[in-house]
Amino acid sequence: EFALCPGYDRRMPVHKEAVVCSGAVLQGDVTVGDGSIIHPLAELRANGGAIVIGANCVVEERVQILSSAGSITSIGDFCHLEVYAVVQPGAQLGRGCLVECRGMVPEGCNLQAGCCVGVGAA
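Quick note: the sequence shown uses my numbering, first residue 618, plus one each step.
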């Protein structure tokens, strides 16, 4: 089902060509770019910080993207985050990164363009 999630704050900067599926959680200062897709049960929780999702990204089910006070978590254009991936506060992913199933990007980590975090890796 492709629809804005219940309780979605329409003031949140989600590009008109992005898709936020029903059941996704967007909390706090979250920006979603053009053509990006946020799957059901994905959690984007900016707790005092900010989360910026670039253009044409895929954020699959059960992914957690987190930000804490004073941090900016940034996902570059054309990134793909697979099921159960976790991106910790302050992490920066360059263009075209892949975080495979259950992969984790640690707090403050800076992944250059085209990097891959393997299955279950941190």
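Where a beta carbon is used, it is the ideal one built from N, C-alpha and C, also for glycine.
Values in this document were obtained by computation on a predicted structure and should not be read as measured data.
With fewer than 16 other beta carbons inside 10 angstroms of its own, Gln729 counts as exposed. Pairing Leu710 with Gly731 gives a Cβ-Cβ distance that is not under 8 Å. For a cut-off of 8 Å, the C-beta gap from Ile668 to Ile654 is around 15 Å, too long to register as a contact. Cys733 is bridged by DSSP to Leu715. DSSP, read as helix, strand or coil, puts Gln681 in strand.
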